[in-house]
Structures are given as structure tokens and as C-alpha cells.
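Notes to accompany the following structure.
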Amino acid sequence: MTPTTERHAGESYLGGERTLRSWLTTRDHKRIGLMFLIATSLFLFVGGLFALLLRLELLAPRETLMGPMTYNRMFTAHGVVMVWLFMIPAIPSGFGNFLLPLMIGANDVAFPRLNLASFYIYVAGAVVALFGLFMGGADTGWTFYVPYSAQTATAVVPVLIGVFILGWSSIVTGVNFIATVHTMRAKGLQWMQMPLFVWAIYGTSVIQVLATPVLGLVLLLIGMEHLFDWGIFDPRRGGDPVIFQHLFWFYSHPAVYIMVLPAMGVISEVVCAFSRKNPLSYQAIVIATVGITFFGFLAWGHHMFTAGMSTFAAGSFGILSMVVAIFSAIKVFTWTGTLYQGSISLKAPLLYVLAFLFLFVFGGMTGVAVATMSLDVHWHDTYFVVAHFHFIMVGGTLTAFLAAVHYWFPKVTGRNYPETWGVAMAVLVFIGFNVTFVPQFLLGNLGMPRRYYDYPESMQWLHVISTGGSWLLGIALLTTVLYLAWSLRHGAVATDNPWHSAGFEWRTASPPPPYNFPGSPALHRGAYDYTGQEPPEGPAALP
Amino acid sequence: MRTYAITGAALLALTLLSYGVSRLDLGGAEMPVAMAIATVKVGLVAVYFMHLRHAPAGERLFALSGLVMYVVLFGIAATDVFLRRTTGFLPQ
Amino acid sequence: MAEHAAHFESLARQQTAARFAMWVFLASELLLFAGLFFLYMCYRLYWPAAFASGVGHNHALLGTVNTIVLITASITVAMGLRKLQHGAPRAAFRLVATTVLLAGLFLVVKLTEYGVHIDEGILPGGRGRYFAEGALPGEAAFFTLYWLTTGLHAIHVTVGAGVLLVMAWRIRRGTLRAAQLELGALYWHLVDAIWIFLWPLYYLTGGAPK
Ligand SMILES: [Cu+2]
């Protein structure tokens, strides 16, 4: 492999101006991406802390740590922080920002100032939402269902306004990324040559742009209901609360794909780089990405099977939900097929990918189960559903996020992380996750409802296992932060392309210089073309 | 300039037409007629004033995507609100 | 006037990107109203008589005048853009300024109408004299939606007019490119397009006139 760029020490995007001011006023997509990554990771820990406290309360029946009201506020805080402050922005606004221009051979995103504005809108939304969550705290859950959200005495309005502002950040970033992909691709880079992560971010941005405004409006409406009692969803004044659910889930189901599509993009990149192969079928993954983007919009009603909607609609939504599962399954098949006969090096990022594959299939299959109307009537609003979506969101998105953190750590920081620790913690995350959430499937099947702080004694053993698992998960994540922080200073200095990846983002220095590619980027060889590209020391192949 | 004048005149004429028609007693046809005229008008605005006629494919794609989402929201959700038992649009 | 931003290859490419991004944003804006239109469809299905009565109560003539005002504003901004593209900034300024004035007129008429509604005791949430005096069930929902939808639209008119006001001023100073005016014009046309649907839904479809 011939290096396409000369290395100039001190000329990376991290060097140059190092003042706080230069960071806060930067237009560089890499710096903005990094700021998003730091902010979202911070909120991962805030949300994680809430989760640990919730699990601790559930260690024994009745009140152990907090009363029911505190518990209600805490699961709301956990949901709001995890969904809107971590999962929605983490991979798209964080890694997406950092990598999108690098992966299409551009200097920056199309609108760098707008990009910075999006970060500040995010910060403003986060501040307002957190203010609401800590001063009083909403007790509605992250779903803000009417009529309760209109009547609760808790501080639901600041939280609604905060999420509304966060939505604007999401829209602005989405518009920016779509315009970037359409107009900033390097000369000669065709759509069907773009890295799969770019496709994933593109699909995600489309959802962000088209679904988020509907949520924004619904949040405003509940705010009005709460403040002025306008009764827009109040049956006594001609309203219909089920319409609220339609509008809420019109955003919030596609929002699952805002969380999962970028995760899938990460998996596509990592799988190819660590099996040193082109994907089994590039086209299949692109088609599945576009398919999920579109069909994801048609499935929202599966959250409403027990809400009194028409039987015909419920059946249709069930079937449409399963169509999305087909596209997801195509991807899983393609990734596993890519691993087959690849020269695999079992490093931490790939371990996270394997964890993803297992957990995502498990979460996806239980998703098909709860999309079946007759089964959902039994499982609706139980821990079965809680376990299902945590398999997708934590098992899917969080493991992909960790895969991305490890895979692109040298790209972002110019240092390597300690591989042994990486591998050990990947294993611990996988174990901790399963110990936490597999018992929750069983609990749900036994009839444990979600959002309850109390339960019968007979269920305690499962809750104890689940809480134990949450500690393992907590320890693993905390350790990961510690060794990553340690590597910032003491990690071995990384070469430009430590994984010998063919990805476009590796064809410049690590960390990249301010305008990414000195001269025009060398993108003649495909992003997954490993023919005749054996790494010097040879891959650590499995027997 | 002439295109704009013609389009503008057509829009104003359709506005008057829509107003005039609404003063008649059309019964059940009232809403479909009003919506049809409005659709034609918005079409004129999009094609001539917003230059969708000469727009690149990307712009057309996203103009269309907004529309498609309306169809998705109204189309699929209609299977609920029209066919729900409690609303009485179905024979019980 | 500064040249194109450093990260773009050319000014033309930057302008293409900006116009394209505007279209993406307009799709997003369009969907902001989707929820309100959707609520209207559902509630009109539930309460056909109440909605017809509510529409009949609104002032069709005022609504129609406002429709004509808004459409004329769309015509003038479209013509103003063409003038600026053809290097006639003075004519462009006059046309865009007319658009802003028409937008102001629209808002004046709209506020007058709101005043009439308040006088009649028609407030959002089924509050006010009108509803206490035996309105049909469902009329509260109609007028709440009326306030919300026209209110949100009026906010958009205000924003659009504000943007065009700044642009008109910059045309006069000779610091506005046609490509920049095009973005403002696109936004304005969207505001117009939304009203074209609001108008029949809230003013015209009230059944036979009494
Ligand atoms: Cu869903």
C-alpha cells in the first residue's frame, strides 16, 4: 500500500489553534463531530446512571431506594436522555459529521456554519430538557402520552420545549448532510461507489428531515394542552387521543431507524475492514438501506395495537412492520456472508460487530413477534417490549457505537487504544448486556408491566439477575472510558492507517489535516477493494 | 415574465372560481372540488413559480418526498380512522 | 461581496447546494403542517356537521381577500427574482418590496379577523361565549384547529416577510445575488402554497350558504 499523503506533524485538525475559543467557533466538521461525540457520550453516562438507579430500585419489591414518584421521574429522565440526547445524535451528528466529508472526498460539509449552529441548538435543547428533568421532572415517560401528559402536575413543558429544540438540531443536520452527499462528492465518485456508511447516514438524514417536524408539532400541541388546557386530544371537546399516538409514532417509529441505520452503516464498514473483503453484496445493502428508510415510515401503528385502532389498520401495520424486518435480515445475511472466507482479525471493533449481529438478530426476531397483533396483546407494555427495544437500541446501536469508537479512535485522535482492554471490555459488554436483558423477556412473559416500581415476590430472582447484569454493563462502559482517556495521552501513536483499511477516510493522515485531503483525494480504488492489498505483517487469521 | 403573468392570472382565476363554486350547493362534492382546485393551484406555484419545471432531479426528488409522506400519513392512518368501529363508518 | 466559501469548488456549485438544501428544508416545513391537516381530516370525519357550521361561521370574504393578497405577493416575488436575474435591481426592489407590503396587508386582515373571533367569544379550547351558547359538539375542536393552523401559518408569513424585507433592503444596496433572493422566494412560495390549502378548509367548505 502506498501512502497517499505525507505526514506533517502538528498540522492535524487537533493542532493549529488550540484555544477553547477556536473550538467553540470552529467550522471544521471534524471538530464539530468530536464535540458532538463528547457531548453525546456524556449523556450516555447520565442516562446510564439513571438506568443503574432504576435497576437498583427494582432489586427488591416495594420501595427500596426511591418512592414511586421519583421512580416515574427517573425512567422519564432515562428515556429522554438516552433517546434524544444520546442515540438520535450520537452516530449521525457525531461520527457522521466526522466521517461523511472524509468518505466522499470533500473538504467539509456543505454548510459549515449551519453545522456549528446545529451543535449549539443541540446544546440549548439539552440544557432546557435537563432543566425540566431536574427541576421538578416530568413523570410521563419519554412518550408523553395524552391525556396524562396534559394533566400531570410535573414540569413536562420545559422537557417538551427542550426536545422540540433538539428536533431542530436534528433537522438542520439532516438537511446539511443530504445537501453534502448530493453536491459535495469528489469528482468521479458515483452514488454506487459511496461507502455504505454514507448511504446509511443519507437514509438517516432523510428520516430526520421528514419525520422530525411531525414530532415537533405534536410536542407543541401537548405543551398547549398542558399549559392552556385546549383539549385538542380531549374527547369531551371533540378530540381523539389515538390521533396523538398516530402522530407521535409517525416520528417515533422511524426514529428507531435514525438510531439503527447509522449503526448498520458502522457495521458494514467494520465488517469489511476486519475480514479484508468487499461486502458480499454492496447493492443488497444499499437497497436494504433505502428500503428501511422508506418502509420504516409505514410501520408506526404497531405501537398502537391495544389503543383501540381499527382491526384492519392493526393487521396492515403488523404486515408492514415485517417488511422492514426483511430488509434488516438482508443486511444481517450480507454481513455474515462477508465474514465467510474473509481473513478475519478478531480485534475489539469486530468483536462488537459480532455482539451486534447476535443481539440485533435476537432483538429483530422478538420485534417480529411483537409486531404480530395477537401476541402483542399479551406482551404490550410489559418487560417483553422493554427487553425487545433494548436489544435493538443498546444491543444494536450502543454496540455499533462502541465498534465505531474503537475502529475510528486512531482516525480521530491519532493514538491507538490498548487492544487487550478493548477485547476484554467488548466481551464484558456482551455478557453484561445479556444478563441484564434476557431475564426481562422472561419477566415480560410472566406479566411484569413496564414502568412499575413494584412487583410480586415471585419475580424477584429475575430482577436480581437483571440488576446484576446492569452492574457488569456499567463497569464495562466505565472501564472503556478510562482506558480510552488513558490512550489519549499514553496510547501508542497510530500510523495513518493502522487497520490497513481500504476505506476512503483512511486515505489521509490520522488525525486528518484541517481540510482533510491535501490536494485532490485518491479515490480511484474502491472503498472495499482489498484485492492484492495484504497488510505488511499479515492478518491475524483464524484457523 | 410572461409565464409569471399567465400563471398568476390563472391562480387568481382559480381562486375566484373556487370562491364562486363554494357559494353553490354542491353537497358531498364540495370538499373534493375545493381540494382539486387547490391542488391544481399549488401545482402551478410549484412548477412555474418555484421552477420545478427546470429543477435538477435532486430538487424534484425532495419536493416529491414531502408529498409522499403526506400520502403515507393520510393514506395509512385513514385505514384506522375510517374503519374504526367507534367512528361508525363501518356497518356494525 | 465575498467570493464563494473556500470549501466549495465554485460559486455555481455553492448556489446549487444552497437551493437544493432549501428544497429539502421546504419538504421538512411542509411536514410541520402535516399533523394539523391530519387532525383536521380526522376530526372533520368525526364531526361533519360541526365542522361545516364552523367553516360557515368564518368570514369567507375576508379569507378570499387574503388568498388574493397572498397569491399576488407570490407573483410579485417571482417577477422580482426574474428582474434581478436579468440585471434590473431597481425593478426587482420595487417588486420584492411590494411582496413585503402585501404580506403586511395579509397579517393586518388576519389580525382583524382574530379580533372579530375574540369579540364573538370564539377562543381556542372551546372557551368563550360562542361555545357557552350551545355550539355543536366538535365546534370547539374546529376552532382550536383554526387558531393553531392559521396561527402557525401567520408565524411563517411573518418570518417569510422578515426575510424578504432584509433581502429587499440588500437589493437596494446592491449586495444581494439573485441566487440568494431565490431562496427567500422559494420559502415564500411554500408559505403561499400552504395557505392555498388552508383557505378552502377553513373558509369555503361550509355546505350551502345560509
Ligand atoms: Cu416501532
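Chains as they are written, first to last, in this note's numbering: chain A, 894 to 1436; chain B, 2 to 93; chain C, 149 to 358.
Glycine included, each C-beta is placed from N, C-alpha and C at the ideal position.
Just so it is clear, the structure is predicted and the values come from calculations on it, not from any experiment.
What residues of chain A sit near residue i, judged by a beta carbon separation below 7 Å?
i        : result
ALA78/B  : HIS1139
GLY59/B  : HIS1075
ARG161/C : THR1076
PHE362/C : Residue 362/C is absent from the structure shown; chain C starts at 149 and stops at 358.
Using the Cα positions of residue i and residue j, report the straight-line distance between them to the nearest angstrom.
i         : j         : result
TYR20/B   : ALA182/C  : 24 Å
PHE1210/A : GLY332/C  : 40 Å
VAL22/B   : HIS301/C  : 25 Å
ALA39/B   : LEU218/C  : 14 Å
TRP1301/A : TRP1193/A : 34 Å
GLY59/B   : MET1215/A : 30 Å
SER1413/A : MET1152/A : 33 Å
ILE984/A  : PHE1326/A : 20 Å
ARG242/C  : LEU334/C  : 18 Å
ALA316/C  : ALA239/C  : 11 Å
LYS1080/A : PRO1088/A : 15 Å
PRO92/B   : LEU193/C  : Note on PRO92/B: pLDDT 46, under 50, position unreliable in the model; no value is reported.
GLY263/C  : ILE270/C  : 10 Å
ALA944/A  : GLY76/B   : 39 Å
CYS190/C  : ARG85/B   : 12 Å
TYR1233/A : LYS1224/A : 14 Å
Which partner residues does residue i have in the DSSP bridge list?
i         : result
VAL1386/A : ARG1308/A
THR1275/A : PRO1342/A
ARG325/C  : BP columns for ARG325/C are empty, so no partner.
ARG275/C  : LEU271/C
Run through chain B and tell me which residues come within less than 7 Å of residue i, C-beta to C-beta.
i         : result
PHE1205/A : THR80, LEU84
HIS337/C  : VAL46, PHE50, MET51
PHE1143/A : LEU74
MET1202/A : ASP81, ARG85
ILE303/C  : None at all; the shortest Cβ gap to chain B is about 19 Å.
Can you name the residues of chain A whose CB is closer than 8 Å to the CB of residue i?
i        : result
PRO196/C : Residues of chain A passing the Cβ test: none, with the nearest at roughly 12 Å.
SER66/B  : VAL1099, LEU1103
GLU177/C : PRO1106
For residue i, which residues of its own chain have a beta-carbon under 8 Å away from its beta-carbon, when the five flanking residues on both sides are left out?
i         : result
GLY1096/A : TYR1150, LEU1154, THR1182, VAL1183, ILE1185, THR1186
PHE345/C  : PHE185
Residue i versus chain C: which residues are under 8 Å apart at the beta carbon?
i         : result
ASP1122/A : GLY273
LEU74/B   : ALA182, PHE186
ASP1133/A : CYS190, TYR191, TYR194
ALA1148/A : Neighbours of ALA1148/A on chain C: none; closest Cβ ~14 Å, over 8 Å.
GLY21/B   : Near GLY21/B there are no residues of chain C at all, since even the closest Cβ is about 10 Å away, more than 8 Å.
ALA39/B   : ILE344, PHE345, TRP347, PRO348
Can you list the residues of chain B that residue i reaches, using a CB-CB cut of under 9 Å?
i         : result
LEU1191/A : VAL73, ILE77
For a contact meaning CB atoms closer than 9 Å, what does residue i contact in chain C?
i         : result
ALA1003/A : HIS155, PHE156, GLN162, ALA165, ALA166, PHE168, ALA169
Please list, in chain order, all residues of the same chain as residue i whose beta carbon is under 6 Å from its beta carbon, the five residues on each side excluded.
i         : result
TYR1144/A : ALA1104, VAL1107, LEU1108
PRO1436/A : In this predicted model, PRO1436/A has a pLDDT of only 34, less than 50, meaning its place in the structure is not dependable enough to derive any value.
LYS258/C  : ALA302
ALA1241/A : HIS1299, GLY1315, VAL1316, ALA1319
PHE1126/A : VAL1039, GLY1132, PRO1134, PHE1137
Quick one: list the residues of chain C neighbouring residue i, beta-carbon separation under 7 Å, in chain order.
i         : result
LEU1110/A : LEU180, GLY183, LEU184
ALA1079/A : Near ALA1079/A there are no residues of chain C at all, since even the closest Cβ is about 10 Å away, more than 7 Å.
ILE1136/A : LEU187, CYS190
If you drop the 5 nearest sequence neighbours on each side, which residues of the same chain put their C-beta closer than 7 Å to that of residue i?
i         : result
PRO1407/A : TYR906, GLY909, ASP921
PHE1220/A : ALA1181, GLY1184, ILE1185, PHE1188
LEU232/C  : ALA240, ILE319, ALA326, LEU329
ALA1218/A : GLY1257, GLY1260, VAL1261
GLU177/C  : LEU338
PRO1432/A : Because the pLDDT of PRO1432/A is 45, which lies under 50, any placement of that residue in the model is unreliable, and the number read from its coordinates should be weighed accordingly. Once the five neighbours on either side are set aside, the close Cβ partners of PRO1432/A are ARG1169, SER1236, SER1238.
VAL838/A  : This structure cannot settle anything about residue 838/A, because the visible part of chain A is limited to 894 through 1436.
Just to make sure I have the definition right: I need the residues of chain B whose C-beta is within less than 8 Å of the C-beta of residue i. Which are they?
i         : result
SER1209/A : ILE77, THR80
Is any heavy atom in ligand 2 found nearer than 6 Å to the beta carbon of residue i?
i         : result
HIS1146/A : With respect to small molecules bound, the structure shown includes ligand 1 and not ligand 2.
Taking C-beta pairs closer than 7 Å, name the residues in chain D that residue i reaches, listed in chain order.
i        : result
THR306/C : Given the protein chain composition of this structure (A, B and C), no chain D is represented.
The region 254 to 286 of chain C: positions lying closer than 8 Å to chain A by Cβ: PRO272, GLY273, GLY274, PRO285, GLY286
Which of the residues in the region 315 to 340 of chain C, read from start to end, lie with their CB under 7 Å from any CB of chain B? LEU334, HIS337, ASP340
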